[in-house]
Amino acid sequence: MAPDMVTVIDLVLLALLCATAIAIILVRQLFAVAMLTGAFSMLSAGLLVTLDAVDVAFTEAAVGAGVSTVLLLGTLALTQRRSEETRRRGTAPALLAVILTGCALVYATTDMPGFGDPGAPGFRHVVPEYISGSETDIGVPNIVTSVLASYRGYDTLGEVAVIFTAGIGVLLLLGRRREDEIQDEARRSDSGGEG
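Take 3 as the starting number for the sequence shown in the working numbering and just add one per residue.
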């Protein structure tokens with residue numbers, strides 16, 4: 003039995019995601035790493051589209067590939083272009099923690115209902131409530147709009163807050179670096195003027 007096209011696309015995207023992750027680990031040029039993380043986000047968005055999570059795919063593409071890449075490139079403009087070589091020590095405990103966490107996650111997936119299973123708790127409890135309450139409770143005839151704008155309103159607000167906080171944090175860090183550079187230049191000019 004030949005696999006269907008969606009499965010083939012999912013497997014190709016998964017293989018590309020793994021290859022991109024390995025490349026991010028191995029590459030030392032920070033510009034290339036920034037571009038690879040943007041590519042990883044776009045591949046993730048493509049995978050989310052094949053899983054019928056288009057709203058999450060849009061968010062991943064906009065935030066992961068768009069905003070994050072721009073912030074990384076802005077930071078690179080103020081820092082060095084190549085990462086420094088560090089001596090690796092104590093990688094065995096970290097590797098063990100990653101393997102144990104991965105095994106726990108794989109074990110947890112065995113208890114999940116099948117993809118699209120109509121007997122899943124979400125389809126039995128949550129979805130009927132959204133369908134019946136969309137027009138009566140919210141007053142919006144489009145179910146997708148009511149879910150995204152009202153039922154998941156706090157979730158969307160949280161996502162916006164996280165993006166805003168990350169952007170402000172980066173701007174504060176970049177502004178502080180600029181102040182340090184100005185102070186260093188003032189010290190150099192003072193020491194040069196005295197001599």
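The C-beta atom is built at its ideal place from N, Cα and C for all residues, glycine as well.
Taking a contact as a CB-CB distance under 8 Å, the pair residue 46 and residue 66 counts as one, their CB atoms being some 7 Å apart.
Residue 172 is positioned such that its CB atom lies closer than 8 Å to that of residue 77.
The Cβ-Cβ distance between residue 23 and residue 42 falls below 8 Å. With a beta-carbon spacing of about 7 Å, residue 61 and residue 161 fall inside the 8 Å limit used to define contacts. In this structure residue 140 is not in contact with residue 134, their Cβ atoms being roughly 11 Å apart against a cut-off of 8 Å. Just measuring C-alpha positions, the residue of 153, 49 and 36 sitting nearest residue 11 is 49. Annotated as distal: residue 130 and residue 122, with beta-carbon spacing of 8 Å or more.
Close CB contacts of residue 165 within its chain, under the 8 Å cut and outside five residues either way in sequence, are with 65 and 69 (chain order). Non-local beta-carbon contacts of residue 145 in its own chain, meaning distances under 7 Å to residues more than five positions away in sequence, involve 132, 133 and 136 in chain order.
In this structure, the CA atom of residue 31 is about 29 Å from the CA atom of residue 185. Residue state for residue 117 is assigned as coil, using DSSP reduced to three classes. As for any alpha helix (DSSP H) of minimum length 4 sitting wholly inside the region 13-77, the runs are 32-52 and 56-61, ordered along the chain.
In the assembly as shown, residue 59 is a buried residue. Its beta-carbon has 16 or more other beta-carbons within 10 Å.
Residue 14 places its beta carbon 8 Å or farther from that of residue 26.
If you ignore the 5 residues before and after residue 73, its C-beta comes within less than 8 Å of the C-beta of 168, 169 and 172, all in its own chain and listed in chain order. Here DSSP, grouped into helix, strand and coil, assigns residue 160 to helix.
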